[in-house]
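Below you'll find the structure, written out as structure tokens, and then a few comments.
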Amino acid sequence: MVTANAHLPIVHFSSLDKLLNLGRANSLWPLTFGLACCAIEMMATGVARFDLDRFGMGVFRPAPKQSDVMIVAGTISKKMAPGIRTLYEQMPHPKWVIALGNCAIAGGPFVFAGQYGIVEGADKIMPVDIYIPGCPPRPEALVEGLLLLEEKLTGSRRWPRVNPE
Amino acid sequence: MSGYFKEIYDGGKSLLVGMGITFRYMVQPVVTLQYPHETVPMTPRFRGHIDLACDQAGNHKCIVCGTCQRNCPSGCISLKGEKPEGAKKKLLIAYQLDFTKCSLCGTCVESCPTDALIFSKNYNLAGLSGQEFILDLLKRQEERSK
Ligand code: SF4
Ligand code: SF4
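Protein sequence lines correspond, in order, to chains A and B. 55 is the number that our numbering gives to position 55 of the first sequence; each next residue is one higher, with no gaps. With the second sequence counted from 1, adding 1000 to any position gets you our numbering.
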């Protein structure tokens, strides 16, 4: 597993950092790319029904230089892994990674003895901040994951919690 | 010169058509679900991770036959049963689901001879580590039956 924050900023400003984090948490721009079926749910989350723009997260950027958060939505094949790693490295700091779906968390149903084509989890190739399980997860789960990331950044949650049961 | 004015006319017309569509959607009812404030109930056939079902008395119905464990294509289920001293039947003492590998195929639910498994309606899981989704279903079932 890759350990997080290999490129932490050298200089810290305590109060300013908090303010910056509040801004960052409410304008997380995701990098547009989908790897498998989870990407369909990611698209569903972006459009009118669930509307990620309500959280300032609907600005899907087509370039890693402009994005803050990478949503790994789907199965990572061994062939795709170097490309994803490059995209991750091209994103400017601070950056976060969300593993969406069971394939991105641990390889999902593609894990079996002797498999040769799949990377068993996004955290094998880069640090992952938020894990969202499901096959695929519902759009609500992705929203929940982004709110959890906001909570991780600012230290508090300003949205109500939902108990599904 | 005529091509110049035709282009202006065509461009203006397509702009108005586009604005008309935008206006129509603006006055239609709102479709957005304000998620953390508003939720929708899951449909009866929605598949969340599997869960042990409760019977009327609040007990689970598992007889520790191990069919679900053997049939799971991803090997997500690990369960353990024990035969208490003098008892006839095995008793379930641990039921662990590794949800991070599950594909919600439903084989376990279909193959269970006593219908002890159901799909939960847990649709908004998210966590800070993958380990959070290795679930202890027996504990979940006990908590629900309380
Ligand atoms: S198939 Fe049903 S009864 Fe058999 S071990 Fe699994 S849950 Fe229990
Ligand atoms: S739904 Fe399928 S993959 Fe998931 S635990 Fe049951 S048998 Fe295994």
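Virtual Cβ for every residue (Gly too), placed ideally from N, Cα, C.
Nearest residue (CA-CA) to residue i, options the options
{"i": "Y116/A", "options": "V128/A, S77/A, I40/A, T45/A", "result": "S77/A"}
{"i": "P109/A", "options": "E120/A, L100/A, A99/A", "result": "E120/A"}
{"i": "I130/A", "options": "K152/A, A113/A, G114/A, K124/A", "result": "K152/A"}
{"i": "A36/A", "options": "L142/A, S156/A, P136/A", "result": "P136/A"}
{"i": "A63/A", "options": "G46/A, M80/A, G56/A, M91/A", "result": "M91/A"}
{"i": "A81/A", "options": "G107/A, G56/A, R161/A", "result": "G107/A"}
{"i": "K1080/B", "options": "L1092/B, C1112/B, A1087/B", "result": "L1092/B"}
{"i": "R24/A", "options": "M126/A, A104/A, V72/A, Q66/A", "result": "Q66/A"}
{"i": "I1077/B", "options": "P1084/B, K1061/B, V1030/B, L1052/B", "result": "L1052/B"}
{"i": "V1031/B", "options": "W29/A, A39/A, A44/A, K95/A", "result": "A44/A"}
DSSP bridge partner residues for residue i (one or two, in chain order)
{"i": "Y131/A", "result": "A99/A, G1127/B"}
{"i": "C1054/B", "result": "H1060/B"}
{"i": "D1136/B", "result": "Q1096/B"}
{"i": "P1036/B", "result": "Looking at the DSSP assignment, P1036/B forms no beta bridge with any residue, so it has no partner."}
{"i": "L31/A", "result": "R61/A, M70/A"}
{"i": "S77/A", "result": "I118/A"}
Segment limits, beta strand (DSSP E) that includes residue i
{"i": "A73/A", "result": "69 to 73"}
{"i": "I1077/B", "result": "1077 to 1082"}
{"i": "L1117/B", "result": "1117 to 1119"}
Extent of the continuous alpha helix (DSSP H) run through residue i
{"i": "Q1096/B", "result": "That residue, Q1096/B, is in no alpha helix (DSSP H); its beta strand (DSSP E) goes 1091 to 1098."}
{"i": "K18/A", "result": "14 to 25"}
{"i": "P82/A", "result": "81 to 90"}
{"i": "L39/A", "result": "A small correction: the amino acid at residue 39/A is Ala; Leu does not occupy that position in the sequence shown. It spans 38 to 46 - the alpha helix (DSSP H) in which A39/A sits, taken as one unbroken run."}
{"i": "G1011/B", "result": "1002 to 1027"}
{"i": "R1070/B", "result": "1067 to 1071"}
{"i": "K94/A", "result": "According to the sequence as given, residue 94/A is Pro; it is not Lys. Element bounds for P94/A: n/a, residue is neither H nor E."}
{"i": "C1108/B", "result": "1107 to 1111"}
{"i": "K1088/B", "result": "Taken as a continuous stretch (DSSP letters only), K1088/B belongs to no alpha helix (DSSP H), as it is neither H nor E."}
{"i": "G56/A", "result": "Per DSSP, G56/A belongs to no alpha helix (DSSP H) and is neither H nor E."}
Whole-angstrom distance between residue j and residue i, CA atom to CA atom
{"i": "S1145/B", "j": "S14/A", "result": "47 Å"}
{"i": "G1058/B", "j": "L52/A", "result": "40 Å"}
{"i": "N102/A", "j": "T1100/B", "result": "5 Å"}
{"i": "F50/A", "j": "T86/A", "result": "30 Å"}
{"i": "H1037/B", "j": "W159/A", "result": "8 Å"}
{"i": "I1021/B", "j": "L31/A", "result": "29 Å"}
{"i": "L1117/B", "j": "A1087/B", "result": "24 Å"}
{"i": "Y88/A", "j": "A99/A", "result": "13 Å"}
{"i": "T154/A", "j": "K1006/B", "result": "55 Å"}
{"i": "K1089/B", "j": "L28/A", "result": "55 Å"}
{"i": "Y1123/B", "j": "D1010/B", "result": "48 Å"}
Heavy atom of ligand 4 within 8 Å of residue i beta-carbon
{"i": "G1066/B", "result": "Because ligand 4 does not appear in the structure shown, any question about it cannot be addressed here, the ligands present being ligand 1 and ligand 2."}
Test: residue i CB closer than 9 Å to a CB of chain D
{"i": "N26/A", "result": "Of the chains in the structure shown, none is chain D; the protein chains are A and B."}
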